[in-house]
Every structure is written in C-alpha cells, then in structure tokens.
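Protein chains in written order, with the working numbering: chain G, 6 to 909; chain R, 6 to 909.
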C-alpha cells in the first residue's frame, strides 16, 4: 500500500534528508533535524506523490489520504499535548509547501490554521495574551482569504485596506503596535471582506480550513510565478511539491518571542559567521516581506536574546557539520525557546560559492571533487568573479562630486550602472524592446510577482528588507548586483520618482550601485576589471595579493585535474587570444575572418563590385597583406596551440551600405555611379539570407576569395614558423552540407598551401576541416568525414536550420514557447542551451557517422553554446574533443567540463 | 588478365547486346548485329574500362592496350582484305565514341583514319574515283583538325572558311558539287591551316592518327556539352565511354552510294512505318548536320535505290523483332550494298512512347509490364499528352488573317507560342532572368553546343534538317515542341532578323508553332486542351473518339494494376479537386488554406491589425462562413475520399501590402491611420521569413485562428455528411518540430470538433496529423508520432532547412552547383528531385521513428516532389503510403509508382 503521509516529532521521524524527492526539501530536512535531535515542532509531510496524483486526477486526492492525515494529526496532538479543533486547548498548524528544490516564496503558506471564534478565545486564555491570539487570527484570515479564497492580487486589496485603516484609526505606523481593539476590528472586517468578495463565509471548521489550505498549496505548484521560476532553474513540472502540516509555535507572543531567517555564512561573499534577519514579536512572513524593518542577527540578537542566540549559532554549526554545506535556516523563538522550522542548503552568489567551496575543503568538510561539483558552484556563476567592478578612483571622484546618495545592505556583489526603472513590468518591456538595456530596478521591496522584472534588470536596489529579504535572496541566486534596505530612499513606483536626501531622481536617470559596499550613486561610474581579471589579464595585481584570485585558481586547478574536454576560445584578434590563454584556453576553436574584411571595407566593396575575376583578384590582392598580418598576430599569440580559421562566411550584402547616404559615399570612394551601387545592392538582396549565398557557397562561386585567404593563412604560418614559433593552423570550410562542397574548397586550400610551401621552401603542419551547421552535414557526416580532417559544430546555425527557427525572428513567439503557462514548447532558449533531443540528436549522428568514416576524428563545437554549462556537459556526453567559447566563458567551460567528467 | 578490346566481323563478335556497360551501346549493338547476321563492317571496341582507367591515371592507357589493339586491327584487316597504312590497298577506319546510354552528338567521331598523300592516291586508284578519295581526305583533315587538334570552335572557323572559299571560287553552293581541283585545294589549305593554328603538322602515320583519335574520343567524355547532357539525363560520370574502331565503308563513292539515319517508326507520334533522312553520295555527319537538304527515306529511297531500300526495311523489321523495341539506325549504302553502322533503341516523344508501347503490346512483342516500364515510357513524358494544343478555330482565324508563315517538318508534337530568340546563349540568359519566359528558339540548324539554349526554349524551329537532325532528335528527347526543315525561312542569328515570304520578324516578336502539323504562324494563337484532357476533364470529346485517350487509358490501367503507392493531389478548390479525380487522384494530400484568407483579405487584415483577442475573433468570425463554404465544396467534390487540410501557414506579413499605395488603401478600408498600418508592417517584418513566425507558430500565438479554421472544417464536414456524402477530413498542423507544438494545436482542433459535434448532434470521422518539414520533426518523429495520426512530408521546406538553402535565394550559386564543370555539387535541382542522401535520409529516419511509435502510421508527401518520377520512386522505396501532387501530375505519379513497384 502506498504511504502518503510522513510524521515527525518527539525526536523521531518517518523521513530523512535523502528523501527529498518524496518529501520535498523542507519535509525531508524537518525529518532529518528531528532525527538528529534539533528542536523541531511536531508535524507531518504529505508527499509529492500526492501532488502528482492531484494533477493527474483532476485535482482529487488518493482515497487513502484522509485516513493517513487523520492518523498523523493524532500523533502531532500527542506530541504537542494539544488537540486540533479543541475548544479549550487547541492545536494550531501551519500548512507549507516544499518542493524537491527550494523555490523560495514561489508557493503558498497558511499559518495559524485551527483558529475560529471559539479557539481564539481559548488561545487568548491559554497564552494570557489576547493581543497575540487576535493577531494570529487576523493573520489566518488574511492568508486564508488571499491564498485559499483567491483574493491575493485583488484590485481592491481588501486586507491591506483594512490593516491601513486600523492603523490610521489607532494612529500607529507598524503592525505590532496595533492594540486588542484594533485587532478585533480587523478580524471582524476581514471576515466581512471574505464574505463580500467571495460570497462565502470563512469556514470555522479547522479540518475544513486545513484541507482547503492543502488544496491551495498543491494548487500553487502551477501558479504563474512558480512556473516561471521552474523554467528559469530547469525544474521539471513533474516533480510536484510536498505539503507540510506543522504544529504552530509562536514568535508573536510577546517580546521574549522572535522569528527569523539566517545563513550560516554570508550569502553574498561567503564570509564565515552567521548572518540574517529577525523580528521580535513577529510571525512568519514578517521578516521577509519588509512590513517592518528587520534587525540583523549578527548585530543585535546576541544582546536581545543571549541564550537563544547562542543556541541558534550552535544549531547552525551543527547543521553545517551535518549537511557539509552552508545552510539557510528559519527559526522561531517562542518565550526564549528556539524552534527550527526549516533548514536547506543556502543559495549564494558566485563569490560566496567559490569562497564557501574552498573554505569547506580547507575546513575538511568536503572533498575537492565536491567543491567543484555543480551543487557547490554552478559553473555559470563563476562569471561573477570576472565581471567589472567600480574603479576606486572613479568612485572617489563621484563621492567628491556629491554623487553618493545613500548606503544600503550589500546583497549581491558587483558593479551596476544603468537607468532607473521602478516597475518590474516596465523593466521587462524595456528589456524586450532593447536586449542591451542596462536597468536598475528600484523598488520599496520586491515580491515573487516581480521575478520577470528582476530578471530583466542588471541591478536591484530596495529601500526595505534585509539580507534575507526576497530581493536579496533572488539576487543571490540570479547573480544580480543587489543592495537592499537602503531606507533613506523614498520610492513612488506610480510616478517613477525616487527621492533621497532632498535629491529627486526619475525613471530613466542613471544610477550606479556597488553590490560589494552597498553604496548608491547618482550618474554613471567607470568600472575596472575584477580582481581575477586584474591578476590574469591585466597583470596589474600580484596573484598573492588577491584572495579571490587564489580561490579562483584553486577551483580551476581542481577542475583541470578532472575534465576530459579541451577548452578553446572564439577569438579573432591577438589580444582576445592572449586573454583567452590567460583564462586557460588551449587553442582557438573559431577565428571569424569577417572583421578582416570589415577592417578593409573599401577593398572589400571594390571586390564585391568587380564584374570579373581579374577585377576581383585585384581587390583581393590589396587585402592579402592585411589578412596575412592578422593571421601572423594570432599564430604568434597562440604559440603553437591549434588555431581554427573559418573562411569568409557572411553573405556579401552584409558588406554593402543599405542606406542611401552610405551608398552615395561608397560611390564616391570607388568612383562608381550611385545607380551601379544600388543595382548591386538590389542584386545581392536575399529573401532569407540565413539560407542564401554564404559560407562555402561564396568560395565556390568566387574561388579567388578562398585562394586569397588560404594564401594569407599559409604565408603567415610560414613566416611565424620561420621566426621560431610553432604554428598549427586548422582551415575551416563553413556551411558545407555536401562532401563536394567541402572537397571543392579543400582543393583550393591545399593547392595554395603547396604553392606557398614551394615558394617559401618551408612546410607547415595544417588541417582542413569543416563546420557542421546544416542538418545535411550531420546526415551525411560519414561522406564528409572521408575528406574532412576535423568537424566543428556551428550550433547557432544548426539550431536555426534544424528547428526552422531564425534567431532574428523568433521574438514574437519564443516567449510563448518558453512560457509553461502558454505554449510550453521549450524548457530553455535553444540558442542559449542546446536542444538536446533535436539539434543534439543530429550532433550525435554527426559524431557517430563522422568517426565511423574516420576513427578518432577531432570534433569540437564553436557555436555560442560552447560556453553554456549544460551544453558543455552534453558535448562531453557525446564525445566531443573540445568546446570553444568566448574568452570570458573559458573558465566556466573548464569547470562545466570537469563537472561533466565527474558526473556531478 | 583484363580484356580491353572486343572484335566483331565476319559474322562473329566477342561482344553482344547485353554488354553495354562494357562496350557502350554502339559497340554492344555492332557486336549483336554482327552475331545475328546483319551486314556490319568489321571493327573492334575498346571498352569503357579503358575510359575509367584513362581518367584515373592522368589520361594514360593500360599497358596491355597497345598489343590488344594491334591484334584486333590484324583481324579487321583480314576480314576486310585490306591493310591499315598499306600504300596500295589501305584499310581506312572510323573512330567513334559510344557510351552505355546513347548521348547523340555529344562526343566526337573521326572518319577516314588512315589517309595521307600516299594512301589517298591508292584509294583514288582502287575506287577509280579521285573525287571521292579527296573528299574523304578533306573530311579526315577537317575532323582531325577540329576534334583531335582542338580547332573546333576556333574563332576564325578555318575549315568553314576554306570550304566556303572553295565553293565561291568554283561557283557552286553544295559540298557535293565540288570538283577534284577544288577538293585538292581544300586538302592543301586544310593541312596549312592545321600547321598555322596548332604549330604542328598533320600526322601522316595512320597509327598516330588512330591513337590520337582514340585519345580525343575518350577526352570528349568530359567535354562541356557531354557533361551537361549527362546531368540532364542523370548519367553518372563514372560510366565512361567506349571507343569503336570500325572499318570504313563509303557512302560518298558516287550516286550508287548513300548514307542515312532511320527510325523504324515515327519518332514524333509513333506511327508505324520507317522514317528517316538520307543523302546520296555523302558521308557521316552530312545527314544530321544540315550541310545539304536531306531526302526522306519514306518518300524517295524506294525509287532511288529500290533494292537497298527493301533490304533496309527488312533489317529494320528484323531489328525490332530482335530488340523488341523501336530502333534508331545508321546505315551506309556503298555501291548499292547496305551496311549497318549502328542500331539503338530510338528516342521518342511522350506521344510516340505511349503509342509504341501500346502498339508493341498489341503486336505481341512486349508485355504490359514492359510497356509501362520507364524504359518504354519515362513517367514524366506522359505530361506531353496533357499539354494544350492549338485551338482549331483560332488556327483557322490566324490562317485567314494571313498569319500562317510557312510549314516545316513536324518533329516534336504540341503547341508553343512564344517570343522569337535566335541565339541559344540569349535564350539561356532570358530564361535565367525570367523563369516564366516562353521562348521559341529559331535557328538555321542546331548543334550540340546549343543544348542549354534549347533546354531554355519552349519550342524549337529550324530552317535546315530532317527528322534525324540534331534539333529533331534533341526535341524528341526533351519533349519540346519542334519543327525542322522550314526551309523558306531566312535567319540571321547575328541581327536576330527572320525573313519569310517577304515578311520580316525580329527577336522578341511572337511566334506560334504547331509541332503536330509543322505549321508556323506569326503572332499568338489560343490553345485548347489536349485530347486526353478533353475527354477526362472537359468531357467535350467522347472517349471512343480519341485514339490518344484509349492509349493513355491503357497505360494508366496497367499502371494501376501494379502500383502500391496511393496518389493524391494538392488542391484548394472544388474544380481542381474534380480535375484531379478525373486524372485518378485518390484524395487530397494538401489543401492549402491560404487562398481562403487571400480571398477575404480585408477581414484578414482587420484580424492582423487587431490589438487583442476579442478584436481578432471578431474579424475571424467574418471569415468563418466563407471558409466553411470552401471546405464544404471540397468535401463534396472529393465524395468520401480523404481530404488533408493544412491550417494557416504563411507569415502574416504576406497578407499586408508592402508598398505605400497599398498601405494607404488598406488604411482607408479599415479606417485606420497609415502610420498604424506602416507600424504593423514594420513590426511584422522578418529577416528570414522562412524561419520565422509561421506554420503552427501562428496558431500557437493566436489560438483563435486555429479554432476558427477547425470550426469551419467540422461545420462543413457535418453539413456535407448530413447531405449524405461521406467525408474524411484530415487536419494537418504545419511546421511542427516539437511534439508540444503539435499537441498544443491538436487540442484546439479536437476540442472544437467535440464542440461542433455536440452543437450539431453529428459526429464525423477525422484525423489530426502533421506536416514534417523541419529536420527536428524527423529526428524526434517517434515523439511526434505518439500524438500525430498521420505524417505528410513537406519536402519543399524540409529541403530548405536540411540543406540550409533557400529556394528564393539559391539562384546565384545553384547553376554553379549543378554544373559538372564548375562546383559539381548536385546532380539535380534538389527542389525538383529529392536529395535522397540528405533530405531523403531524414525522411527515412522520420518514417522509421514514426512507425516505431505508431505502427502503420499513414505517411505521405505533399511537397512539389510528389509529382517527380524519381522522387515518387524514392517514396515507394522508403514505404510511404501516398504521394500528393498537382492534378496534372497525377497520371505521372501513377505511372512512376507502378514503375517503382515493378522495379523497372
């Protein structure tokens, strides 16, 4: 028989930590904490299987569930010595969601279930605190009304309205200042509001309350923001959430009570020592929703509640030792007694991830392999250590100029300069309109509804909330620059006006925020490279002077010990190549030669306008020395590492001016008539340039272009080799879909190589291979590999052709496609992460067929997917030899490759 | 040991007819004719293996070849009683190419090898005819100079020039009027010209002549026109040609000599009875190159040479009985004795093919299966029987108006009206510039160099030459409308002026030619449907009154007995559907619904301009009744046959005016501002519309469009079914590459079906399937087939995406791609014939994976390839259930399907 309900309490639990799939993270850890003797209120977890059943059966429960819940409830009653619904000694419970992976704030919670007019009186009597009892009841009514009865987001905001009216009437500002009379008024008004807005009475039966809350929790798995969140973090819909029913303990019974959220280390930079927020005499969401200014655990909890604080620090240490990871905990202190309500591995920034991972290795808690696992450092988060920070001099100057506005709590390290935007919706729209828009989202506080807007912003700045606030938490996870609790700011999100220290800023004004220090500046501030970049690339900082570099290098060294994939870079210029080498690149996987033509656009245009081969050759001859120089520079920089050079790829019309002024200027420079230019532009116009006259099709129609490029490559190679530097050019024919396309171009390349070697009396080792970027190349990879010496998957174009989807044109439907509430076709943008079933299927075929014809064929990837951790792992899985990505993604690819090799 | 040389002579031969692969068609049939006792001069064939060796070894021969040739030459000498190079009794030989498949006029021939100053004197003495000996020598010098020494096509045309000068000097017009003195002068001038233009002497050594001629014949396998020809008829380069050395027999020894070319039946319409051309006192190419007006065998040979004529007719009959096919023969009559120089299966028009096939069945020579084989009727040639012919009344009127210009020999049946063009190069250019250009190529005569220009023309008209002329032969094979020997025309191809009976026409003027009657008209003449179409579609002609219909029907009936593939049609309108049924269509494989939107463009535009769903639904509601009517019409016409309806596919911008005037008009009609229209047009603009917001992506973003179309389909289906006509709609979701794209749209369709069935109280059987047109759909066909009830390959788009090649943009490179002398990437246009390795590979995968998930999955093809015989055969091979093509291609597809099933 299926077991759906798992009890915990009295020091023993049905579940344990490794049952997260079934019990969710919260449920499994409540069980685990119970088992290891930590103070956890009794309760039970309804498993994720019930959630799955619920959605598969039109929102009905398994028939066995009711009896199991009732049995578990009896055990909770026993453990707590109270009784659910008892008119004299009532048990109250919380009903909380909890999925396998933490999805903070995405799903719903209802506290104080079990209260009604009878039990609230009993609670008042038992606690001797009527105010507390009424405060609990008004919270239940609020949460039940919003979550269960669907009034959340109602345009009238009835509960906010009631609360504000009560405060006004009584003349107080904060919730906890409300007196008994006000609270009683709120309770009655809330009941009336529920009746008015839903047509139904608030149910007085505790069981009815509980079952409806359970239904709401399971229902919240499919709410909009939960779905968005799952997409962002690739959590499958199939997992479902568990539902935890936990006996209430109260942080709102008086000043010897508190509730809080803590991290066992700093979540922003990973510095050791507990950090967090708490509130005296408060309950539940109060801490994270910014309704009152929170206090910081590391600053005042030791004085406020010395015993409980010591106990909390001890528990934190115990949990770190037990879980061998930094923890994020929720607790309530009820009449000076500590209760643990949750623990989970803490979300952290890339900085904190690197620091915690290396520190834990040094503390002997985890192995090096653990440290470089994606659990400790999601590979993509490494990029945070490479992003620019504010230039100290520039910051000083801004300060001197009076641009420093205020200081908040630093919650996401980094430097962000951008335009103020006060509404998440607007941020989202602006980002859609201009994907390069740099935006700073400035808010009183953020809520789970703001998720999409936060994603669109470069940095986040809030007036309210601590390091445990929603804004801080989400920023940590998204790697956004973030400052919270900048309380001096007064933000009107309706008008978009931000006032601070008498200064008025408006939406669109520039703002600079320093996520390391919490400083907020008006205007823009120049950035400088991060410490790691200063050491590696700029060589302006001695390695031993940078602790961040030391940690970064440890991680990279550990990663290199395990990875099987080589990591190359996409670079066209010697300085890019040098940067990439500093980041650990082992070769160039893609040198696009386009810029070489753009750099000599007049000659290029002369060639495009040529009416015969002789004229074209004349123009090409002018480009030869430049290309040769460029290649020589690259070969020198790469010092014997392989350099894959792609021959000219874009359609010729990309090199011609499309507007009248440009065409007139071009006519003047080339001494042609404007009509001639216009005619050529029209002649070269294409309906679908993606599928047009480009790639090897250019070199096939104009073999002299290929010949010139080959000459430039081999002359440069010979020259550099003669200078004593090893060279290894790999000439790459783009867009070949037919073996004969490849061999046509290969022949020109090899003939030119022989010619140059004969002319110079020097031979150079080289390869000729092809870019695999149309499906036909994968399907006939065996034929092509019979001739080609290497393959490189051009997954950008391969994705476009395999899916029949243009990256320039997918805007109008891709958001519907990746939105689980709309079309729900794709889990991720296929141009960011390889579509493994489709494009990946063809890649697999290409690898298999290619190696079938040429065992040991060298195969890489040079599309933008080469720097995406999931795609790197896929490349490892299908047996590629290397990935190639932009220089700043090289460390990420190295780490992802190691994670792939370790399988974790 | 390899055998390279095959002797024939004295009634016995090393080879035989079924050794064509080795000996080429000419060599194998010379051997066969020798074996069956026909009069063939002795000779030997150097096999195609030597040609292969020649190209694989840098144009060298196998070392054994020389000895084998010498041995064979001795046998020829024995058989003929003469000796090669003997100063007194010299053997002369011809050196002729001969590939596996006949490639008429494409490769080179050298006659009279063995002549020099010594042997020419001996020949004069032996024959008692100095004129003949000199004529033979000047022919050798001409052919050797052009073919072996490369002077063919030289800008000075030295040999033409010498011949014309000699005729002028002597004051005669025709070659055969030249006297001994003139011929001697020509011989000396020709030797001098060879020396002058090549710097080399004409070799006097007969062996040197022969070996050089052999080299030229093998070399001609790779000449330009041979390569073009092979591409057109899909002959692999690897086959190579054989080379035949045959003892000369002379048709130019006097008036008891002749040479000719004959068909055992009429090549244009297949009428029984030998036809052909001959010339008295002539040799070799004279008959086909139009240098003298030929005589027609069926008209005068019986009188000119009664004995030889009777023998020729007998031989023709014997050959037909032996080869069980209509033959094309070459013969020489030397002093009243008949010699056979070649026989081969005759090229014929589609009309002749159908008539000969049905006649031979009735004559008991071949089986019905043979008759419908591609050897007897290339499926594509059937289309000639369906093409329009001139309307008799219109022709009479033109005649009355004095538009009839002249009459030639009808050589390719059909009606062609088009613009005069006098140069094949210009024809080719004009066709490239405008693929719809209707051109009539008007030439004095045509040569193999004109092939590309002939291909570009709709009809061909020559002033010189008979039914065996190059123009007639090529037209027969290409299915072009053709008239030859319209001798009253005077054509100046330099100026493009055509004079006939005092009337002057110029290039660009309209001309109408009747390939059934040989009549040539100035201006345009209206056409009417062909006999078959009159019977089947127009029902204006009683079936029993049309012999062509009778034959057509026989072929179709025989084909239907064998084919396994169903044949459907692509049709959007009831009258198209009715036509297709008349041609044998068994369903609609593709109803594009685009026209339904174009027909109500104002509502469509209203919908596109709508800013919300409600507005869109309003506009769609206006379209609903029209679409319902259209579907009802189709269902009625198809009377229970399956009808596959594709939901809206093209991107929305295709429905908006792209120019200013159109936008202004649209603004006026919709009552919107021009700025609004322009903004929407810009918003909908796409960089690569092929890969943009189209197909199911429209229905996913605008589900209301899908809902409206589904409602129209099911309401129409219910209505027609209620009227007592069976209906079988198959709703096709376009462009699905992901299962979820399909299921998203499928759900809307099925929900609407249920709704309509509930509303009307009637259920209709239907299927929901998808079009497979992006590679991803093939790669994940198993997933998609789990939901889709049928597949239909949209091979147009599948080709574009698999090859990364846009049909709108491939112009600038596709000619280089299909040109074996240039890139030589593709044997055929991939949009005409399925790229079997690439696109076909994905189709195969799609079929296998699809049926793996859903055994027995119904799979068809609805791209334009569905009417291409080679593609139909491929579809049969990979196990499709049906092909779908345009109505007029249905008979072709039926025949091709039978040929596929029969494997021949």
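All C-beta atoms in this analysis are idealised placements derived from N, C-alpha and C, irrespective of residue type, glycine included. Predicted model only: the values in this text are computed from it and were never measured.
request  = Report the option in R:143, R:521, R:438, R:364 whose CA atom is closest to the CA atom of residue 420 of chain R.
outcome  = R:521
query = Roughly how many angstroms separate the alpha carbons of residue 406 of chain G and residue 274 of chain G, rounded to a whole number?
reply = 29 Å
query = Taking the beta strand (DSSP E) that residue 497 of chain R falls in, what are its first and last residues?
reply = 494 to 497
inquiry  = Am I right that residue 423 of chain R and residue 889 of chain R are in contact with their C-beta atoms under 8 Å? What's the rounded C-beta distance?
reply    = Wrong, their Cβ atoms sit about 31 Å apart, outside the cutoff.
Where the alpha helix (DSSP H) through residue 806 of chain R begins and ends = 800 to 808
ask   = beta strand (DSSP E) containing residue 347 of chain G: first to last residue?
value = 342 to 350
key: Segments of 3+ residues assigned as beta strand (DSSP E) that fall wholly inside the stretch 524 to 550 of chain R   = 524 to 527
message = Less than 8 Å between the beta carbons of residue 492 of chain R and residue 517 of chain R, yes or no?
response = No, the pair does not count as a contact, with Cβ atoms beyond the cut-off.
C-alpha gap between residue 643 of chain R and residue 541 of chain R, whole angstroms = 16 Å
ask   = In chain G, what lies closer than 9 Å to residue 211 of chain R by C-beta?
value = Per Cβ cutoff of 9 Å: no residues; residue 211 of chain R is ~40 Å from chain G at best.
ask   = Should residue 865 of chain R and residue 797 of chain R be called a contact, given that it needs their Cβ atoms to be closer than 8 Å?
value = Remark: C-beta atoms of residue 865 of chain R and residue 797 of chain R approach each other more closely than 8 Å.
ask   = Going by the beta-carbon positions, is the gap between residue 961 of chain R and residue 411 of chain R smaller than 8 Å?
value = Not covered by the structure: residue 961 of chain R. The range shown for chain R is 6 to 909.
query = In whole angstroms, what separates the C-alpha of residue 30 of chain R from that of residue 270 of chain R?
reply = 20 Å
ask   = Roughly how many angstroms lie between the CA atoms of residue 148 of chain G and residue 483 of chain G, to the nearest whole one?
value = 28 Å
ask   = So which residues of chain G does residue 811 of chain R contact, with C-beta pairs closer than 9 Å?
value = 691, 692, 693, 694, 695, 696, 697
message = Check whether chain R comes within 8 Å of residue 445 of chain G, counting only Cβ atoms and requiring the distance to be less than that.
response = So no, residue 445 of chain G is outside the interface.
key: Rounded distance between the beta-carbons of residue 195 of chain R and residue 150 of chain R, thought under 8 Å   = With a contact defined as Cβ atoms closer than 8 Å, residue 150 of chain R and residue 195 of chain R qualify at about 7 Å.
query = Do three or more CB pairs link the stretch 753 to 763 of chain R to the stretch 694 to 703 of chain R at distances below 8 Å?
reply = By the Cβ criterion, the stretch 753 to 763 of chain R is not in contact with the stretch 694 to 703 of chain R, since fewer than three pairs of Cβ atoms, one from each stretch, lie closer than 8 Å.
query = Thinking C-alpha only, which one of G:300, G:303, G:417, G:742 is nearest residue 358 of chain G?
reply = G:417
request  = Would you list the residues sitting across from residue 863 of chain G in a DSSP beta bridge?
outcome  = Residue 863 of chain G has G:795 as its beta-bridge partners, per DSSP.
inquiry  = Strictly below 8 Å CB to CB, what residues from chain R border residue 661 of chain G?
reply    = Going along chain R, no residue has its Cβ under 8 Å from residue 661 of chain G, so there is no contact; the nearest lies around 15 Å.
Proximity of residue 292 of chain G and residue 331 of chain G at Cβ, strictly below 8 Å = no
Cβ-Cβ distance between residue 394 of chain G and residue 276 of chain G below 8 Å = no
request  = Look at the Cβ atom of residue 802 of chain G, then the Cβ atom of residue 837 of chain G, and state whether they are nearer than 8 Å.
outcome  = no
ask   = Under the three-state reduction of DSSP, which class applies to residue 692 of chain R: helix, strand or coil?
value = coil
key: Interface positions of the stretch 643 to 669 of chain G facing chain R (Cβ-Cβ less than 8 Å), listed along the chain   = The stretch 643 to 669 of chain G vs chain R, Cβ under 8 Å: nothing.
message = Under 7 Å, CB to CB, which of the residues in the stretch 738 to 760 of chain R have a partner in chain G?
response = Taking 7 Å as the Cβ-Cβ cut-off against chain G, the residues of the stretch 738 to 760 of chain R that qualify are 740, 742, 743, 745, 746, 749.
inquiry  = Taking DSSP's pairing of strands, which residues face residue 2 of chain R in a bridge?
reply    = What is shown of chain R runs 6 to 909, which leaves residue 2 of chain R out entirely.
message = Could you check whether the Cβ of residue 790 of chain R sits closer than 8 Å to any Cβ belonging to chain G?
response = Interface with chain G (8 Å Cβ-Cβ cutoff): residue 790 of chain R is excluded.
request  = Would you mind telling me which residues of chain R sit closer than 7 Å to residue 818 of chain G, beta carbon to beta carbon, in chain order?
outcome  = 698, 702, 705, 706
message = Cβ closer than 7 Å: which chain R residues qualify as neighbours of residue 808 of chain G?
response = By Cβ distance, chain R contributes 742, 779, 781.
key: Buried or exposed by the 16-neighbour rule on C-beta atoms within 10 Å, applied to residue 238 of chain R   = exposed
task = Indicate the three-state DSSP secondary structure (helix, strand or coil) for residue 913 of chain G in the structure shown.
result = Given that chain G is displayed from residue 6 to residue 909, the structure contains no residue 913 of chain G and the question cannot be resolved.
request  = Check the Cβ of residue 785 of chain R against every Cβ in chain G and list those closer than 9 Å, keeping chain order.
outcome  = 842, 843, 846
ask   = Going along the chain, which residues of its own chain have a beta-carbon closer than 6 Å to the beta-carbon of residue 628 of chain R, five neighbours each way excluded?
value = Answer for residue 628 of chain R: 605, 608, listed in chain order.
ask   = Do you know whose CA, among R:804, R:462, R:310, lies nearest residue 910 of chain R's CA?
value = The shown model of chain R, from 6 to 909, leaves out residue 910 of chain R, and the question about it has no answer.
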